[in-house]
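*Asks:* So the sequences go chain by chain: A and B. Under my numbering, the first sequence is numbered contiguously, ending at residue 291. Under my numbering, the second sequence is numbered contiguously, ending at residue 185. Glycine included, every Cβ here is placed at the ideal spot set by N, Cα and C.
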Amino acid sequence: MKDHDIDKITLAAYLAGDLEAEEAKRLKEHLPTCTECESYLMSLKREQKAFLEKFPFVSSTYETAPKKIIQFPVYYRYLALAALFLLMVTGPLIYFNTYRQSEYHLKGKTGTRILVKNLAGTIEERDVHQYYPQEQIQFLYSCSERTYFMLLSIDEKGNITTYFPQQGDSSSVLSPGVDLPLNNSIMLDDYIGEELFMAFFADHQFSAMSMRNWMTRVFTKSKSLSAVQRMTRKGVEIHPFLITKLELKQ
Amino acid sequence: MNDTKINALYEKYGYLIYGRCIRILGSEDDARDAMQEVFIKLINNMDKFKHKERIIPWIYTVSKNHCFNLLRQKKRNIIIDSFDKFADEENSEKGFSNRNLIMKILSFHNSKVQEAVYYTYIEELNQEEIRQLTGQSPATIRRNLKKFKQSVPHIRKKLACE
Numbered sequence: 042m043k044d045h046d047i048d049k050i051t052l053a054a055y056l057a058g059d060l061e062a063e064e065a066k067r068l069k070e071h072l073p074t075c076t077e078c079e080s081y082l083m084s085l086k087r088e089q090k091a092f093l094e095k096f097p098f099v100s101s102t103y104e105t106a107p108k109k110i111i112q113f114p115v116y117y118r119y120l121a122l123a124a125l126f127l128l129m130v131t132g133p134l135i136y137f138n139t140y141r142q143s144e145y146h147l148k149g150k151t152g153t154r155i156l157v158k159n160l161a162g163t164i165e166e167r168d169v170h171q172y173y174p175q176e177q178i179q180f181l182y183s184c185s186e187r188t189y190f191m192l193l194s195i196d197e198k199g200n201i202t203t204y205f206p207q208q209g210d211s212s213s214v215l216s217p218g219v220d221l222p223l224n225n226s227i228m229l230d231d232y233i234g235e236e237l238f239m240a241f242f243a244d245h246q247f248s249a250m251s252m253r254n255w256m257t258r259v260f261t262k263s264k265s266l267s268a269v270q271r272m273t274r275k276g277v278e279i280h281p282f283l284i285t286k287l288e289l290k291q
Numbered sequence: 024m025n026d027t028k029i030n031a032l033y034e035k036y037g038y039l040i041y042g043r044c045i046r047i048l049g050s051e052d053d054a055r056d057a058m059q060e061v062f063i064k065l066i067n068n069m070d071k072f073k074h075k076e077r078i079i080p081w082i083y084t085v086s087k088n089h090c091f092n093l094l095r096q097k098k099r100n101i102i103i104d105s106f107d108k109f110a111d112e113e114n115s116e117k118g119f120s121n122r123n124l125i126m127k128i129l130s131f132h133n134s135k136v137q138e139a140v141y142y143t144y145i146e147e148l149n150q151e152e153i154r155q156l157t158g159q160s161p162a163t164i165r166r167n168l169k170k171f172k173q174s175v176p177h178i179r180k181k182l183a184c185e
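#1: Mark A/S183 as exposed unless 16 or more other C-beta atoms lie within 10 angstroms of its C-beta, in which case mark it buried.
#2: Does A/N254 pass the burial test, meaning 16 or more other C-beta atoms within 10 Å, or should it be called exposed?
#3: Is there at least one Cβ from chain B nearer than 7 Å to A/A57's Cβ?
#4: In chain order, what residues of the same chain have a beta carbon less than 6 Å from the beta carbon of A/H280, not counting five sequence neighbours either side?
#5: Could you tell me the alpha carbon to alpha carbon distance between A/T151 and B/Q173, rounded to whole angstroms?
#6: Do you know how far the Cα of B/I45 is from the Cα of A/C75?
#7: Give a yes or no on whether the minimum CB-CB distance between B/A138 and chain A is below 7 Å.
#8: Between the alpha carbons of A/M191 and A/L85, how many angstroms are there, rounded?
#9: Could you pull the start and end residues of the beta strand (DSSP E) that A/I227 belongs to?
#10: Where does B/L129 land, buried or exposed, given buried means 16+ other C-beta within 10 angstroms?
#11: Check whether the Cβ of B/E113 lies closer than 7 Å to any Cβ atom in chain A.
#12: What does A/L60 touch in chain B if you count any residue whose Cβ is under 9 Å from its own?
#13: Taking A/Q175 as the reference, which of A/T202, A/L181, A/A62, A/I233 has the closest Cα?
#14: Are the C-beta atoms of A/D220 and some chain D residue less than 7 Å apart?
#15: Hey, how far is the Cα of A/F92 from the Cα of A/D59?
#16: With DSSP as the reference, label B/D104 as helix, strand or coil.
#17: Looking at the unbroken beta strand (DSSP E) that takes in A/A161, where does it start and where does it end?
#18: For A/Q171, which beta-bridge partners are listed by DSSP?
#19: If you draw a straight line from the alpha carbon of B/N133 to that of A/A124, how long is it in whole angstroms?
#20: May I have the straight-line CA-CA distance separating A/L289 from B/D53, to the nearest angstrom?
#21: Going along chain A, which residues have a C-beta under 8 Å from B/N92?
#22: Buried or exposed for B/H177, going by 16 or more other Cβ atoms inside 10 Å?
#23: Does DSSP classify B/G37 as helix, strand or coil?
#24: If we ignore side chains and look at the alpha-carbon of each, how far apart do B/D26 and B/S50 end up?
#25: Tell me which residues of the stretch 254-268 of chain A have at least one Cβ-Cβ distance to chain B shorter than 8 Å, keeping chain order.
#26: Would you kindly work out how many angstroms separate the C-alpha atoms of A/L52 and B/M69, rounded to a whole number?
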């Protein structure tokens with residue numbers, strides 16, 4: 042903007058209704074006298090309209106409504122007795138189910154492992170998730186039934202990468218099996234530091250964008266990967282892997 | 024914050040965030056993803072704005088920083104076919120357009136140089152507008168523009184080798 046003190050950001054703020062009353066009035070009086078400002082304001086309005094037509098607001102993408110806290114009546118003695126009774130009945134069932142799952146190294150209904158191809162070309166599984174740049178990691182998954190899946194990562198700066206699905210927003214579908222490799226392995230880049238990989242399993246379709254937004258919210262509030270690592274969500278099994286990439290010493 | 028308020032914010036500011044992101048990232052899909060992430064940050068920070076006039080400058084700054092960070096890490100952790108065969112490790116972006124190359128080169132610079140170049144050439148703001156947004160004086164802006172231009176051959180060569 043030339044020859045006057047009204048700039049593009051002020052015009053955008055005017056359109057948003059963010060200016061103080063006096064400044065908004067001044068600008069409103071200025072507009073009929075300035076084709077440059079008028080033209081820019083019209084272009085902003087067109088841009089806004091085109092954007093909202095192309096990307097209409099979807100409320101489910103931004104789940105910020107607080108969860109309702111349900112207060113239970115204080116019949117704790119009866120509740121405790123009922124819980125004990127249920128445990129006695131279902132305990133053996135849970136034990137046998139867990140035993141069966143442990144045959145397949147499964148925690149819950151699903152499992153995940155990481156193999157790495159080191160720089161010498163040997164494939165190994167490490168107890169401690171420390172890796173070096175240019176090493177390739179391969180995720181193996183196990184699930185007892187057809188499941189929807191996603192693999193995302195977040196680094197120390199809050200940057201999120203979506204590995205699976207590789208295209209689109211919907212979760213990938215995995216067939217049941219034990220220690221099956223994901224379609225692609227991942228070559229680690231030169232970034233030194235921590236990166237948290239999160240494998241999500243669910244029995245229903247879910248959105249990569251909603252998972253990304255959820256991780257961003259948690260990280261933005263806490264500024265820590267460990268907070269993201271502790272995330273839980275009803276209906277979704279989450280397997281976090283906090284990996285550290287170390288500098289290769291020459 | 025309820026859906027009605029979020030919707031109102033989205034209508035007011037969504038296009039501004041998206042506009043900054045598409046200018047830097049070039050791809051609609053990438054810009055839409057980045058827009059979502061910056062918008063979430065905006066929602067989480069709304070109660071920290073003492074004056075509404077600060078919101079749009081915040082959007083410019085945070086969108087710019089977020090997108091340059093994405094550019095910087097865009098080639099990170101390359102997905103390759105399998106353990107059994109190596110993907111072609113030559114730079115798959117050899118066909119950089121000039122604009123993409125400029126943005127990629129810019130992502131290697133500090134935020135002050137990014138601000139000077141991005142606001143001058145992409146947003147086409149004048150020096151006074153840039154000063155209000157970033158605090159950089161006209162002399163500093165000119166110096167950072169020069170620094171960027173001088174760096175282009177060197178970084179371009181570095182990218183070609185990776």
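*Replies:* If we stick to the structure as given:
#1: One-based indexing of the first sequence puts residue 183 of chain A at position 142. In summary, A/S183 is buried, with 16 or more beta-carbon neighbours lying within 10 Å of its beta-carbon over all protein chains present.
#2: Numbered from its first residue, the first sequence carries residue 254 of chain A at position 213. When all chains shown are included, A/N254 counts as buried.
#3: To locate residue 57 of chain A, count along the first sequence from 1; it is residue 16. Yes, A/A57 lies at the interface with chain B (some Cβ there is under 7 Å from its Cβ).
#4: As a working mapping, residue 280 of chain A is identified with position 239 in the first sequence. Sequence-distant Cβ neighbours of A/H280 in its own chain, meaning closer than 6 Å and more than five residues away, are T153, A240.
#5: Indexing the first sequence from 1 puts residue 151 of chain A at position 110. Indexing the second sequence from 1 puts residue 173 of chain B at position 150. A/T151 and B/Q173: Cα-Cα distance of roughly 53 Å.
#6: Translated into positions along the first sequence, residue 75 of chain A becomes position 34. Translated into positions along the second sequence, residue 45 of chain B becomes position 22. Taking the straight line joining both Cα atoms gives about 29 Å.
#7: Here residue 138 of chain B is taken as the residue at index 115 of the second sequence, counted from 1. One detail in the question is off: residue 138 of chain B reads as Glu in this sequence, not Ala. Cβ-Cβ to chain A under 7 Å: no for B/E138.
#8: Here residue 191 of chain A is taken as the residue at index 150 of the first sequence, counted from 1. Here residue 85 of chain A is taken as the residue at index 44 of the first sequence, counted from 1. For A/M191 and A/L85, the distance between alpha carbons rounds to 37 Å.
#9: Residue 227 of chain A sits at position 186 when you count from the first residue of the first sequence. Here the beta strand (DSSP E) through A/I227 covers 226-228.
#10: Translated into the one-based positions of the second sequence, residue 129 of chain B becomes position 106. Per the 10 Å Cβ criterion, buried.
#11: In the second sequence, the residue the question calls residue 113 of chain B occupies position 90. Residue confidence is low: B/E113 scores 32 on pLDDT, short of 50, so the model does not pin down where it sits. No coordinate-derived value is stated.
#12: Within the first sequence, the letter at position 19 stands for residue 60 of chain A. Listed along chain B are K75, E76, each with a C-beta nearer than 9 Å to that of A/L60.
#13: Here the question's residue 175 of chain A lines up with position 134 in the first sequence. Of A/T202, A/L181, A/A62, A/I233, the residue nearest in Cα terms is A/I233.
#14: In summary, chain D is missing from the structure at hand, where the protein chains are A and B.
#15: For the purposes of this step, residue 92 of chain A is identified with residue 51 of the first sequence, where counting begins at 1. For the purposes of this step, residue 59 of chain A is identified with residue 18 of the first sequence, where counting begins at 1. So the alpha carbons of these two residues sit roughly 20 Å apart.
#16: As a working mapping, residue 104 of chain B is identified with position 81 in the second sequence. Confidence is the limiting factor: at B/D104 the pLDDT is only 40, short of 50, which leaves the residue's position unreliable, though a coordinate-based value still follows. The answer is coil: DSSP assigns B/D104 none of H, G, I, E or B.
#17: For the purposes of this step, residue 161 of chain A is taken as residue 120 along the first sequence, with counting starting at 1. From DSSP, A/A161 is part of no beta strand (DSSP E); its letter is neither H nor E.
#18: Within the first sequence, residue 171 of chain A is the residue found at index 130, counting from 1. A/Q171 pairs with A/T285.
#19: Here residue 133 of chain B is taken as the residue at index 110 of the second sequence, counted from 1. Here residue 124 of chain A is taken as the residue at index 83 of the first sequence, counted from 1. C-alpha of B/N133 to C-alpha of A/A124: approximately 59 Å in a straight line.
#20: Taking the first residue of the first sequence as 1, we reach residue 289 of chain A at position 248. Taking the first residue of the second sequence as 1, we reach residue 53 of chain B at position 30. Going by the C-alpha atoms only, they are around 32 Å apart.
#21: For the purposes of this step, residue 92 of chain B is taken as residue 69 along the second sequence, with counting starting at 1. Under the 8 Å cutoff, chain A gives K198, N200.
#22: As a position in the second sequence, residue 177 of chain B is number 154, starting the count at 1. Result: exposed.
#23: The count along the second sequence starts at 1 and reaches residue 37 of chain B at position 14. When secondary structure is reduced to three states using DSSP, B/G37 falls in the helix class.
#24: Working through the second sequence from its first residue, we reach residue 26 of chain B at position 3. Working through the second sequence from its first residue, we reach residue 50 of chain B at position 27. Distance from the CA of B/D26 to the CA of B/S50, rounded to the nearest whole angstrom, comes to 28 Å.
#25: Flagged, chain order: N254, T257, R258, T261, K262.
#26: Taking the first sequence and counting its residues from 1, one reaches residue 52 of chain A at position 11. Taking the second sequence and counting its residues from 1, one reaches residue 69 of chain B at position 46. Our two residues, A/L52 and B/M69, have alpha carbons roughly 21 Å apart in a direct line.
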